[in-house]
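Residue numbers for the sequence shown follow UniProt numbering, so the first one is 1 and each next one is one higher.
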Amino acid sequence: MTTAAAWQPVALDAEFSPEVAALLISERGRRQLSSRLRSRNEALRTKVRKHLVALGWTIVSRRNAAMAPRLRYESHDGKTYCSLPDLIVAAGATRSLLDDQHPPPPPPETNKIYNDDDDDPAPTPTQQEDANAIAEYVALMASNHRAMGPTADRLRASAKRQLQASGWSFWMKLKSDGREELRYKAPTGRSYPSLHTACQAFTSTPSESTTAPTTGNRKKRKISELLRISSGCGSGGGGPVIKKCTTVQKKKTCQAVEGAADGSCLIKRCTTTTTVSSKRKKKKAAGSSRVLRPSCEAAAATCPRRARTLLSVLIDEGILVPRDKVTYSAAAATSSKVGLITGDGVIRCTCCGKAFTVAEFEAHATRGRRTAGRPWARLFLKDGRSLSQCLVELMRRDDDRNNKGMRRVVRLKEACLDPGGDSVCSICNDGGELLLCDHCPSAFHHDCLGLPAASASPDEEEEWFCPCCRCAACGGSDFDPADPDDTTRRPLTDKTIIYCEQCEHEYHVGCVEGGLQLQQGPWLCSPGCERVFRHLQGLAGTSIPTSAEGVSLAILRRRSDDQQGVSSEEAMAMEHGKLRAALDVLHECFVPLVEPRTQSDLSADVVFNRESELRRLQFRGYYVVGLEKGGELVTVATLRVYGNKVAELPLVGTRFAHRRQGMLRLLMTELEKMLARDLGVHRLVLPAVPELLRMWTGSMGFRAMTHSDKLEVADHTILCFQGTTMCQKSLLAAAAASSSGYLCT
1 MTTAAAWQPV ALDAEFSPEV AALLISERGR RQLSSRLRSR NEALRTKVRK HLVALGWTIV
61 SRRNAAMAPR LRYESHDGKT YCSLPDLIVA AGATRSLLDD QHPPPPPPET NKIYNDDDDD
121 PAPTPTQQED ANAIAEYVAL MASNHRAMGP TADRLRASAK RQLQASGWSF WMKLKSDGRE
181 ELRYKAPTGR SYPSLHTACQ AFTSTPSEST TAPTTGNRKK RKISELLRIS SGCGSGGGGP
241 VIKKCTTVQK KKTCQAVEGA ADGSCLIKRC TTTTTVSSKR KKKKAAGSSR VLRPSCEAAA
301 ATCPRRARTL LSVLIDEGIL VPRDKVTYSA AAATSSKVGL ITGDGVIRCT CCGKAFTVAE
361 FEAHATRGRR TAGRPWARLF LKDGRSLSQC LVELMRRDDD RNNKGMRRVV RLKEACLDPG
421 GDSVCSICND GGELLLCDHC PSAFHHDCLG LPAASASPDE EEEWFCPCCR CAACGGSDFD
481 PADPDDTTRR PLTDKTIIYC EQCEHEYHVG CVEGGLQLQQ GPWLCSPGCE RVFRHLQGLA
541 GTSIPTSAEG VSLAILRRRS DDQQGVSSEE AMAMEHGKLR AALDVLHECF VPLVEPRTQS
601 DLSADVVFNR ESELRRLQFR GYYVVGLEKG GELVTVATLR VYGNKVAELP LVGTRFAHRR
661 QGMLRLLMTE LEKMLARDLG VHRLVLPAVP ELLRMWTGSM GFRAMTHSDK LEVADHTILC
721 FQGTTMCQKS LLAAAAASSS GYLCT
């Protein structure tokens, strides 16, 4: 019996790598680096190992007679990893790769700024050489554009050291064909594609480049510049710190929109509340405001430019990697076609070099022959997975991540399990003195419901019920709560409340004409609601051609639990992927808004039909409508239809790259045509941000809603945001007006 060899330290020099550090900053970069390490690139593996040693990691090995030596990676906090690719992903999530206790070694020239009265240390020969390297390199490139040889290599290395010492940083850019390219970023935030252009910028702005600013100074300069950009745009969300304070009676709410490292924005909330009345029906609070992304070119440059296709969603989630090889295999194909997935979310054929969408690549592989559809199921990766299986993996991952703690609301009304009342009005989304419903957590301003002032309100002991908690037939609010356990449901009584699946009004079973027999499937209160429901359900998951060539109207909706049994998992995964792409478009247009009550992304809640006992956060009935062009979603809106009475469109956005092309007008034309002509809806309402109010009330034909207009739809929960103006448009004559259509220019 032989004794296993002991673990021995690996002799590696510590060498900080800017390229590796740039990839370790973001989750996407770590996934890309992990994928590249699995390709057995020994040069890259050595570079990463040296970088880990520079960060304080310990690498040990143990020889094995039967195979190559085994390596083990130990962090300074005692964690051990046996796989380098797994280490990059797992340790990155815990910030072990970015620990401030083990900073990278300083560059050859120190970053310290010395005052005039300080004693300057004597410069070393290397520092003196680096100080002139940038000017010499620029002169060399001017005389010989393709400078080669040891002199050019020495000047390049010295120039890079001088740039790093002056506050510059290096990072890797992922190109559309999957390749990565080194970029040079100045302290001002601008990036340059080559060392030559970076050195030229360094020499042309000596006041900003020759001084080595500290990290804090660089951050302050960057923040001030972004604040100037955002003020020039005229809308929030462009700068890293934008504060908007709103005072509602005795409560002050301060919102700060901060830019994250990946370019997205989050909303932080700090609240200072004075003592208010302890009466159960009075509550002070302030709600949330929707912040529009800046539309100016400088801010738009920070937004992703690549297409929002299903492939790009899979790449962002790490399920696919750029340059993954896919092979089309089907009986209709004369021969198997091979393509490469690019970073732009398309497939580039290896035989002709052309870029295709998934459907176009199938037509290319079959030479136009008719197929049974399902191109995603016929494209296979090297590991044997089909692209359809990748979409299913994405759907299952999201379901496991998002469905925890989510409670599905049944069609029969149950006793409310949430004892706490809401902090904002369900109609205007503002705080103040609120009246709480005794059946649900909803809260309302007296004025928003047309009720007398609080001083003239009924006695505190008297029960009060909101419009949504009243029977649409008799107006009563008493009910017999249903059993939350479906397997032991109580028999229906005349006081049992049932919800209409389309208009979401509630009815007593005894008030339904002809009685009610509980059955599987949705219950609809009227022929009008049934017509709307059947029509929208028939359109879900389909694409409808529009008046513009190459542009189609897509209607999407997350399938509910009672619909999943009749749909294949593959079709559900396809729709889920498109919903993810639609959510990305909304995130590009609006700052992600976190709902304080649920601590969730409000846009994601709407897109994926999250449910809640609070009517304001009950998003069961929403559809996602959008324009598809070239396999990607370019314009997205969220739509909810309350029978024939009213439809709402709370979120509408177009990608920056496709603006000023008539996309929004085309979408509104197609929507109004469908709502008025096919569904018979009377009015369309939406919340308009101040920057776009003139557009909606001008060329789009909307008008601001009056107080009486809002009272007419108070029995429906209309999604609203602070700082917006509710607008409406009558659709009675919209069908005739939209028959001419609009071309996308």
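Beta carbons are placed, not taken as given, at the ideal position from N, Cα and C, and that holds for glycine.
Buried or exposed: Ala453, going by 16 or more other Cβ atoms within 10 Å of its Cβ? By the beta-carbon neighbour count (other beta carbons within 10 angstroms, threshold 16), Ala453 is exposed.
Can you tell me which of Leu679, His505, Leu639 and Tyr192 puts its alpha carbon nearest to the alpha carbon of Leu667? Relative to the Cα of Leu667, the nearest Cα in the group Leu679, His505, Leu639 and Tyr192 belongs to Leu639.
Less than 8 Å between C-beta atoms, sequence neighbours within five positions excluded: which residues of the same chain meet that for His535? Asp678 and Leu679
CB-CB under 6 Å to Glu654, same chain, minus the five flanking residues each way: which ones, in chain order? For clarity, residue 654 is Thr in the given sequence; the question names Glu instead. Contacts found: Thr635, Met663 and Leu664.
How many angstroms separate the CA atom of Cys529 from the CA atom of Phe721? 27 Å
Using the DSSP secondary-structure output, state which residues sit across from Cys471 in a beta bridge. Glu506
Roughly how far, in whole angstroms, is the beta-carbon of His439 from the beta-carbon of Cys425, given that I think they are within contact range, below 8 Å? Their Cβ separation, rounded to whole angstroms, is 17 Å, which puts His439 and Cys425 out of contact at 8 Å.
Are Leu614 and Ser423 close, meaning C-beta to C-beta below 8 Å? no
Short check: CB of residue 748 to CB of His682, under 8 Å? This structure cannot speak to residue 748, because the chain is shown only from 1 to 745.
Output the distance between the C-alpha atoms of Ile555 and Gln599, rounded to the nearest integer angstrom. 28 Å
Check whether Leu195 and Lys173 have beta carbons under 8 Å apart: Result no, Cβ atoms of Leu195 and Lys173 do not sit closer than 8 Å.
With contact counted as at least three CB pairs below 8 Å, one residue from each stretch, are the region 545-553 and the region 573-587 in contact? no
Only counting the same chain, and skipping five residues up and downstream in sequence, which positions put a Cβ closer than 7 Å to that of Ala152? Leu140
In whole angstroms, what separates the C-alpha of Ser612 from that of Arg411? 13 Å
Using a Cβ-Cβ cutoff of less than 7 Å, which residues in the same chain neighbour Val89 once the five nearest sequence positions on both sides are dropped? Arg30, Arg31 and Ser34
If you follow the beta strand (DSSP E) that Phe640 is part of, which residue opens it and which one closes it? At residue 640 the sequence reads Arg, which differs from the Phe that was named. Residues Glu632 to Tyr642.
Buried or exposed for Ser204, please, with buried defined as at least 16 other CB atoms from any protein chain shown within 10 angstroms of its CB. exposed
Identified DSSP bridge partners for Ser34: The partner list for Ser34 (beta bridge, DSSP) is empty, contrary to what the question assumes.
Locate the beta strand (DSSP E) running through Gly653, then write down its first and last residues. Its beta strand (DSSP E) spans residues Val652 to Thr654.
Tell me which residue opens and which closes the beta strand (DSSP E) that Ile555 is part of. Val551 to Leu556
Mind reading off the beta-carbon distance from Phe608 to Arg558? Whole number of angstroms is fine, and I expect it under 8 Å. 5 Å
So, with DSSP's three-state summary, where would you put Tyr137? helix
Please work out which residues of its chain come closer than 7 Å, Cβ to Cβ, to Glu463, disregarding the five sequence neighbours upstream and downstream, and give them in chain order. Asp438
Can you tell which of Ile59, Leu44, Thr188 and Lys47 has the C-alpha that lies nearest to the C-alpha of Pro9? Among Ile59, Leu44, Thr188 and Lys47, the Cα nearest to that of Pro9 belongs to Ile59.
When you compare the region 339-359 with the region 391-402, are there three or more beta-carbon pairs, one atom per stretch, that lie closer than 8 Å? no
Simplified DSSP state of Leu381, which is helix, strand or coil: strand
Mind checking Asp494: buried by the 16 CB within 10 Å criterion, or exposed? exposed
Quick one: is Ser39 buried, meaning 16 or more other Cβ sit within 10 Å of its Cβ, or exposed? exposed
Chain-order list of residues whose beta-carbon lies under 7 Å from that of Trp523 (same chain, five-residue window excluded): Arg411, Ile498, Cys500 and Glu501
Quick one: what's residue 747 bridged to in DSSP? Residue 747 lies beyond the residue range present for the chain, which begins at 1 and ends at 745; the question has no answer from this structure.
Spatial neighbours of His364 within its chain, please: C-beta separation below 7 Å, excluding the five flanking residues on both sides. Lys337, Cys349 and Phe356
Comparing C-alpha positions only, which one of Leu311, Ile341 and Glu595 sits nearest to Lys325? Ile341
What does DSSP give as the partner residue(s) for Arg348 in the beta ladder? Partner(s): Leu340 and Ala355.
Starting from Val53, trace the beta strand (DSSP E) in both directions and tell me its first and last residue. First-last for Val53: Glu42 to Ala54, but that is the alpha helix (DSSP H), not the beta strand (DSSP E).
Three-way DSSP call (helix, strand, coil) for Pro69 in this model: Of the three classes helix, strand and coil, the one that applies to Pro69 here is strand, per DSSP.
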